[in-house]
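Going line by line, the protein sequences match chains A and B.
Heads up: the first sequence runs through residues 3 to 565, numbered per the working numbering.
Heads up: the second sequence runs through residues 105 to 703, numbered per the working numbering.
Even glycine gets a Cβ: it sits at the ideal position worked out from N, Cα and C.
Note that the coordinates shown come from a computational prediction; the quantities given were computed from them, not determined experimentally.
Have a look at the structure below before the remarks.
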Amino acid sequence: MSTTTSPVEHIKQASQHLRGSLRESLGDAHTGTIRDDDTALIKFHGSYQQDDRDLREERRQQKLEPAYSFMIRTRTPGGVLSPSQWLALDAIATRYANHSLRITTRQTFQFHGVIKRELKATMQAINASLIDTVAACGDVNRNVLASTNPVESQLHASVHDWAVRLSEHLKPKTRAYYEIWLDEQRIAGGEEEREPLYGDTYLPRKFKVAIAVPPHNDVDVFAHDLGFIAIIEEGELTGFNVSVGGGMGASHGDAETYPLLAQLLGFVTPDQVFAIAEAVLTAQRDFGNRAERKRARLKYTIEDRGLDWFKAEVERRSGFTLPAPRAFAFEHNGDRFGWIEGHDGRWHLTLRIEAGRIADRGDATHLTGLREIARLHRGDFRLTSNQNVIIANVEAADRAVIDALVNAHGLDLHRRAGPLRLRALSCVALPTCGLAMAEAERYLPDLLGKVEALLAKHALVETPIHLRISGCPNGCSRPYLGEIALIGKAPGRYNLMLGADRRGQRLNALYRENIADREILAELDKLFARYAAGRQPDEGFGDFLVRSDVVRPRPGIPVQVIT
Amino acid sequence: MSAQFITPPQIPLPEDKGILLARLLDGLDSHALWWLSGYSAGLAGNQSTLLPSAPEPRSDGIPVTVVYGSQTGNAKRLAEQLAASIEHSGGSARLLRADSYPLRELKSERLLYVVISTQGDGDPPDDARGFLEHLSGKRAPQLPELHFAVLGLGDSSYPQFNAVARRVDARLAELGAQRLFDLGEADLDVETVADPWRKQALERAVESIPANNQRSSVVSLRPVASETRHDRDTPFAAEVLANQRISGRASEKDIRHLELSLEGSGLAYEPGDALGVWPRNSPGLVDQLLDLLELDGNAAVVQGSESHSLRDWLGGRRELTRLGRPFVATHAAMAGHAGLNRLLAPEQSATLIKLLGSHQLIDLLRAWPARWNAEELVGALRPLTPRLYSIASSQKIVGDEAHLTVAHVDYQAFGSRHHGAASGYLAQAGDDAHIPIFVEHNERFRLPADGSRDIIMIGPGTGIAPFRGFVQERAATAASGRNWLLFGNPHFDSDFLYQVEWQEALREGRIDRLDLAFSRDQASKVYVQHRLREHGRELHDWLSNGAHLYVCGDATRMARDVDDALIEIFTTHGNGDREQALEAIEVLRRDGRYARDVY
Ligand code: SRM
Ligand SMILES: Cc1cc2nc3c(=O)[nH]c(=O)nc-3n(C[C@H](O)[C@H](O)[C@H](O)COP(=O)(O)OP(=O)(O)OC[C@H]3O[C@@H](n4cnc5c(N)ncnc54)[C@H](O)[C@@H]3O)c2cc1C
Ligand SMILES: Cc1cc2nc3c(=O)[nH]c(=O)nc-3n(C[C@H](O)[C@H](O)[C@H](O)COP(=O)(O)O)c2cc1C
Ligand code: SF4
């Protein structure tokens, strides 16, 4: 391990608060790329430089540079947006991007395929819809997740409100974004710009916050650097249990990197939320590893120094001590599909969007369908961290029209699909993701079909099983929390991981390394047979595999935390 | 770095030679310098009778080249460490990423270390694809002089463990190179294998290399002329070494980069020259004509002293794609078609010209059918003529190769697909096809003899071709003048011909300025002449300071528009009126500083 600071640290340091030479890069007409250093900086503005990997080899032979384009990610805390915002983003997707809106596992939208010439115009269009992309990527706090529990609308409102306020509170203060994309003039001689929370080099690595509302753990709260578990007593939000040090990412062949579940730190009252968030973030800012990016996440800072040290550090910074966490229990980490009536008599429709990709494909005219729904919808939309969308706050009277559009545009997968297909998660991977080692999103439908066939063979089609696939070990679909997970290793080859629970409270473990489609299915076939024969009443597949010692994951978080 | 070479201690040369030497060495990169040392050492070796005291080459004189191919940086890291340790122990090593390794240097390489990982499912890292392609390709040179060793980085959990390193190691041996020691196959615990390998590599690198090896490292500058002289009438059958589409998927045009071998032809060219290509009409087209006219392709047809089958006449000896007035006249007479006859009337000449430009023989025969017999047809058709293509390379860089940039004439008309004779013939020429060619010299389109002169190159579309040769030549001759290139085409994404080469040339200062005009990427059309106007002041300054101006490509519109732009620029910036502007440009022309190669 080197002790010199990583190159990215120097880039941040020299960037005058994330400005770098982005302006010059955008102006360079000789290439569709931006300068190397700027590729690190543009992430903080919510965009990634990518290229169409399907065309890489072809274009190399044509003596053309790769087909560069930019991915843009929105900042939408809790994933809530209005119909008019939906329409605006839809227009951007069709005008500037690849005719698709991609719901992410962090309740945001991603645009793919925006070319450099049109990047600025696209950014301006997004901002015109009153949505921004500030800090959607980069070494800062990312989009804040919140349970999309639609039933208790009061409660959802206040939890969502917390997500928004946290997101705003932890947002970088630099005006770089507004100068570069929105032509804001830099106040000459104005007093010097400061980053009170982050400092000039921001965080060592990305930082992720999620808020869960038991009994639902749709946000996989323990997968994040900082988690808040809402504690509701007599219908009142009395505060949050705080968890720290969760993270998924790992690297093949590097034993120093691994996924970890967050650990519970204690309980805070609502008025302490900002203080604790700042304390955790600044502790990571000051103690996180700035030499090795692969070891720079909070989870490793805590691993290396111990939870007790971290708790003490956080209490010192926040100025108060943390009482023990309150009792809570999660039932599952999935979504509830179809219509649900809220306590206030309004209705909410959760639609299944496979791999979060909203596009028009044949009869499945999802992009068009949701556009038409947005035109007449009077409530709001909510993106879930399981890559689905909720058409929320619908008057009973409006349900019929919406149902009609849902059917007309093939948006009714939630009625047709079995539990496996309803719950599966996939990252983006090829062709846009520069880190992908294998297919994920494009392979998912086919893969699910094959696994469903096996389930049918063992009369398990109705059993809910969580399958997650990632094109590489970074784990963007939170695969290490899948009962079945495929982790890409090379084209057509995956690590098969098994044995997570369905509550997001136990990680899975490696079962077979670097195997292809056929072998994966053969393994599952055997295991399904054993499961069908030996499972206990509503015992989950993952639980069964652990009980019968097929895999030995690290002990997870107790099912019910009673203290 | 060249400074210390220019004034060695006591230099054994007369003063004038000394100055020449300084000029020669100035700005050469280390490779060129190494080459020169080998070259002159070799010459010294050969005339050692006249010159008994030929300087003994230094034993550490041969540089080690360390080439790496790396996806995630491991191989890179190891290669850097190796190169550093060699330098450290007094050797000289140049470290190169595989995709920046000038592959043509492979044959003059003496000691080569390759550190390379395996990716995908046994694939090379992205930066080494070209390197492997070249190595495994049939053009890979024999490497009897080369000593090498390979270190592979891999992961034994993959079925294709270190497949790429194995391929490189085996192939180098196959090409006659001598393996210094066994291939190292590192697993994820890289150092276990890498450390001992590096140690060995270092030892072997610093061991001295016998002087005679060096003597023989002489590369001849020009291909040796062979007995038969090749010209227009005795063309050389040039092997196709590469035929690659270089316009992207989305492009409406099929633009091709061809590499032809001149080896053994005795042909030599200068940048600015063109290559003459003798086409063959496509057999498909010939068959269509035979069917249409209900003629037998095997029938022997005699013309003057020559006798060939009708199929041969049409395939290789007559123009089928270009119509001329005489043929149309004869045909009209035979067809007895009023409409067509009217077109031949003098006042209709404009319409006729349009017809000639838009109709190939088959279109004419379909529109105005007539009965032809074989003899009459062959007699009436024009003899096939060669087509010219600007050479897109410099021999100082590509040796016995000539590169072309060809726009494939391929269009729909009158309900059927049409191809140009030569561009269609070239477009479909597979590897190891042989194309009858000759060199067409063009003294009016030459780089300035004085390399310190600036040049401005305007080459939209395939007009870019000669300038690829110009820029190669100016780099090879270390010309100190600035190079300004203007290029245009429909779309940035798909029609930026040789994009990566120009980007690299800019980075490395082989061109100083590149202005682009992509006509259809925005609402309003933008062409090179617009760019000229935008930068009129600089353009005028460059020319006032003696720059040479070159225009190549489309004659019908571009060349004229550029000329108009020039007149305008000289009028506005030349503080004079239009008359003086015209005069100034005329002077440029007369001085050979405004040269055009347009078609
Ligand atoms: C779109 C999304 C996956 C999806 O299908 O929804 C995604 C996509 C990418 N992630 Fe992710 N990540 C996404 C959620 C996640 C999650 C899940 C979560 O946050 O709940 C994780 C695991 C949790 C964690 O962070 O530990 C995740 C862990 C990573 C990592 C590994 C980070 C680590 O410290 O180990 C990388 C690679 C990196 O950061 O170097 C990464 C990098 C990437 C990049 C930007 C690839 C890159 O760096 O060049 C991917 C862009 C692909 C593309 O073409 O769009 N992404 N990424 C998710 C967008 C979230 C958002 O809207 O902000
Ligand atoms: C000095 C010089 C340098 C040149 N350099 C290059 C170069 O570097 N690269 C290059 O690509 N070319 C170059 N050319 C042009 C080249 O020589 C040929 O003229 C060109 O390739 C077309 O030849 P062909 O045999 O393919 O088509 P031909 O068979 O000669 O012509 C096809 C016929 O089809 C018709 N036709 C063609 N296009 C259309 C259309 N779109 N619509 C309707 N009818 C059409 C016309 O009647 C034309 O006569 C150069 C020419 C000269 C004189
Ligand atoms: C997507 C991917 C595919 C790989 N495929 C192979 C393979 O087929 N065979 C092999 O020996 N190693 C394979 N590897 C392992 C790499 O060669 C190994 O990690 C090496 O250390 C990378 O070196 P580099 O950083 O120089 O590219 C693969 C690695 C990745 C990320
Ligand atoms: S998991 Fe890997 S492949 Fe998938 S999106 Fe994330 S980084 Fe890309």
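Label methionine 3(A) either buried or exposed according to how many other C-beta atoms from any shown protein chain fall within 10 Å of its C-beta, with 16 as the threshold for buried.
For this step, residue 3(A) is matched to residue 1 along the first sequence. Its pLDDT being 41, under 50, methionine 3(A) is placed unreliably by the model, and the measurement read from it follows with that caveat. Taking a 10 Å sphere around the C-beta of methionine 3(A), we find fewer than 16 other C-beta atoms and assign the residue as exposed.
List the residues of chain B whose Cβ lies closer than 9 Å to the Cβ of proline 493(A), in chain order.
Locating residue 493(A) in the first sequence gives position 491, where the first residue counts as 1. Result: Gly224, Asp225, Asp227.
Mind checking whether the beta-carbon of glycine 613(B) lies closer than 7 Å to any heavy atom of ligand 1?
Numbered from 1 along the second sequence, position 509 holds the residue referred to as residue 613(B). At a threshold of 7 Å, glycine 613(B) does not count as near ligand 1, since its beta carbon sits no closer than that to any of the ligand's heavy atoms.
Between the CA atoms of histidine 368(A) and leucine 444(B) - distance to the nearest angstrom
The sequence position of residue 444(B) within the second sequence is 340, counting from 1. The sequence position of residue 368(A) within the first sequence is 366, counting from 1. About 57 Å.
If you count every other CB in all the chains shown that lies within 10 Å of the CB of aspartate 273(A), and 16 or more means buried, which is it?
Locating residue 273(A) in the first sequence gives position 271, counting from the first residue. Classification of aspartate 273(A): exposed, given that the 10 Å Cβ count is below 16.
Nearest-angstrom Cα separation, counted from valine 161(A) out to glycine 213(A):
Within the first sequence, residue 213(A) is the residue found at index 211, counting from 1. Within the first sequence, residue 161(A) is the residue found at index 159, counting from 1. Just to set this straight, residue 213(A) is isoleucine in the shown sequence, not glycine. Isoleucine 213(A) and valine 161(A) have their C-alpha atoms roughly 7 Å apart.
Taking C-beta pairs closer than 8 Å, name the residues in chain B that asparagine 516(A) reaches, listed in chain order.
Locating residue 516(A) in the first sequence gives position 514, where the first residue counts as 1. Within chain B, the residues Ser261, Tyr262 have their CB atoms less than 8 Å from the CB of asparagine 516(A), given in chain order.
C-beta neighbour in chain A for phenylalanine 265(B), strict 8 Å:
Stepping through the second sequence from its first residue, residue 265(B) is reached at position 161. Chain A contact via Cβ: absent.
At which residue ranges does the stretch 211-278 of chain B contain complete beta strand (DSSP E) runs of 3 or more residues, listed in the order of the chain?
Runs found: 215-221, 251-257.
Spatially closest choice to proline 594(B) from Ala579(B), Arg578(B), Ser628(B), Arg243(B), by CA coordinates
The residue labelled residue 594(B) in the question sits at position 490 within the second sequence. That would be Ser628(B), whose Cα lies nearest to the Cα of proline 594(B).
Can you give me the C-alpha to C-alpha distance between leucine 276(B) and alanine 253(B), rounded to a whole angstrom?
Position 172 of the second sequence, counted from the start, is the residue given in the question as residue 276(B). Position 149 of the second sequence, counted from the start, is the residue given in the question as residue 253(B). In a straight line, the C-alpha of leucine 276(B) is about 9 Å away from that of alanine 253(B).
Examine the Cβ distances between the stretch 142-155 of chain A and the stretch 382-402 of chain A and report whether three or more of them are shorter than 8 Å.
Touching, yes.
Counting only Cβ pairs nearer than 9 Å, list the residues of chain B close to threonine 33(A).
Start at 1 with the first residue of the first sequence, and residue 33(A) comes out as number 31. Those within 9 Å of threonine 33(A) in chain B are Gln603, Gln607.
Helix, strand or coil for threonine 581(B) per DSSP?
In the second sequence, counting from the first residue as 1, residue 581(B) sits at position 477. Residue state, collapsed to three classes: coil.
Tell me which same chain residues have a C-beta within less than 6 Å of the C-beta of alanine 197(B), skipping the five on either side of it?
In the second sequence, residue 197(B) corresponds to position 93, counting from 1. For alanine 197(B), where only same-chain residues beyond five positions count, the Cβ hits under 6 Å are Val168, Val170, Ala187, Ile190, Glu191.
What is the residue span of the alpha helix (DSSP H) that histidine 171(A) lies within?
Taking the first sequence and counting its residues from 1, the one referred to as residue 171(A) is at position 169. Start and end: 155-171.
Same chain, Cβ closer than 6 Å to phenylalanine 285(B), neighbours up to 5 away in sequence not counted
Start at 1 with the first residue of the second sequence, and residue 285(B) comes out as number 181. The beta carbon of phenylalanine 285(B) is closer than 6 Å to those of Ala253, Gln304 in its chain, skipping five residues each way along the sequence.
Considering only DSSP beta bridges, list what phenylalanine 622(B) is partnered with.
The count along the second sequence starts at 1 and reaches residue 622(B) at position 518. Asn593(B).
Under the rule that 16 or more other beta-carbon atoms within 10 Å means buried, what is proline 161(B), buried or exposed?
Numbered from its first residue, the second sequence carries residue 161(B) at position 57. The predicted model places proline 161(B) with a pLDDT of 35, which falls under 50 and marks its position as unreliable; any figure quoted below should be read in that light. Proline 161(B) is buried by the Cβ-count criterion.
Can you give the beta carbon distance from alanine 232(A) to proline 475(A), rounded, assuming they're within the 8 Å contact cut?
In the first sequence, residue 232(A) corresponds to position 230, counting from 1. In the first sequence, residue 475(A) corresponds to position 473, counting from 1. Contact doesn't hold; Cβ gap of about 31 Å is too wide.
Could you pull the start and end residues of the beta strand (DSSP E) that alanine 526(B) belongs to?
Counting from one through the second sequence, the residue named residue 526(B) turns up at place 422. DSSP places alanine 526(B) in no beta strand (DSSP E) but in the uninterrupted alpha helix (DSSP H) bounded by 525-531.
Nearest-angstrom Cβ-Cβ length linking aspartate 222(A) and arginine 508(A), presumed shorter than 8 Å
What you label residue 222(A) is simply residue 220 of the first sequence in a count that begins at 1. What you label residue 508(A) is simply residue 506 of the first sequence in a count that begins at 1. Contact check for aspartate 222(A) and arginine 508(A): beta-carbon distance about 12 Å, past the 8 Å limit, so the pair fails to qualify.
Any non-hydrogen atom of ligand 3 closer than 7 Å to asparagine 497(A) Cβ
Translated into positions along the first sequence, residue 497(A) becomes position 495. Checking the Cβ of asparagine 497(A) against ligand 3 gives no.
Give a yes or no on contact between the stretch 387-400 of chain A and the stretch 353-366 of chain A, applying the rule of three or more CB pairs nearer than 8 Å.
Contact between the stretch 387-400 of chain A and the stretch 353-366 of chain A is present, with at least three C-beta pairs closer than 8 Å.
For aspartate 164(B), three-class secondary structure by DSSP
Translated into the one-based positions of the second sequence, residue 164(B) becomes position 60. In this prediction, aspartate 164(B) has a pLDDT of 46, which is less than 50 and means its spatial position is unreliable; what the coordinates show is noted afterwards. The three-state secondary structure of aspartate 164(B), taken from DSSP, is coil.
Closer than 8 Å, CB to CB, is arginine 243(B) near chain A or not?
Residue 243(B) sits at position 139 when you count from the first residue of the second sequence. Nearest CB-CB separation between arginine 243(B) and chain A: not below the 8 Å threshold.
Range covered by the alpha helix (DSSP H) that runs through isoleucine 466(B)
As a position in the second sequence, residue 466(B) is number 362, starting the count at 1. Looking at the DSSP string, the run of the alpha helix (DSSP H) that includes isoleucine 466(B) is 465-471.
Three-way DSSP call (helix, strand, coil) for glycine 640(B) in this model:
Taking the second sequence and counting its residues from 1, one reaches residue 640(B) at position 536. If DSSP states are grouped into helix, strand and coil, glycine 640(B) belongs with the helices.
Using the Cβ count rule (16 or more neighbours within 10 Å means buried), how would you classify histidine 218(A)?
On the first sequence, residue 218(A) is found 216 positions in, with the first residue counted as 1. With 16 or more neighbouring CB atoms inside 10 Å of its own CB, histidine 218(A) falls in the buried class.
Taking the alpha-carbon positions, what's the serine 413(B) to leucine 399(B) distance?
Numbered from its first residue, the second sequence carries residue 413(B) at position 309. Numbered from its first residue, the second sequence carries residue 399(B) at position 295. Roughly 11 Å separates the two Cα atoms.
Below 7 Å, is the gap between the Cβ of proline 229(B) and the nearest heavy atom of ligand 3?
Here residue 229(B) refers to the residue found at position 125 when the second sequence is read from its first residue. Yes, ligand 3 has a heavy atom inside 7 Å of this Cβ.
Below 8 Å between beta carbons is the criterion; list the residues of the stretch 58-69 of chain A that meet it against any residue of chain B, in chain order.
For the stretch 58-69 of chain A, the beta-carbon criterion of a distance under 8 Å to any beta-carbon of chain B is satisfied by Arg58, Glu59, Glu60, Arg61, Arg62, Gln63, Gln64, Lys65, Leu66, Glu67, Ala69.
Within the stretch 208-266 of chain A, ranges of the alpha helix (DSSP H) (whole runs, at least 4 residues):
Restricted to the stretch 208-266 of chain A, not a single alpha helix (DSSP H) segment is unbroken, complete and at least 4 residues in length.
Using the Cα positions of aspartate 92(A) and alanine 123(A), report the straight-line distance between them to the nearest angstrom.
As a working mapping, residue 92(A) is identified with position 90 in the first sequence. As a working mapping, residue 123(A) is identified with position 121 in the first sequence. One C-alpha to the other measures close to 15 Å.
Bounding residues of the beta strand (DSSP E) (the contiguous stretch that carries threonine 352(A)):
As a working note, residue 352(A) is residue 350 in the first sequence. It spans 349-353 - the beta strand (DSSP E) in which threonine 352(A) sits, taken as one unbroken run.
Compute the minimum distance between the beta carbon of tyrosine 50(A) and the heavy atoms of ligand 1, and state whether it is under 7 Å.
Position 48 of the first sequence holds residue 50(A). Checking every heavy atom of ligand 1 against the Cβ of tyrosine 50(A), one is found closer than 7 Å.
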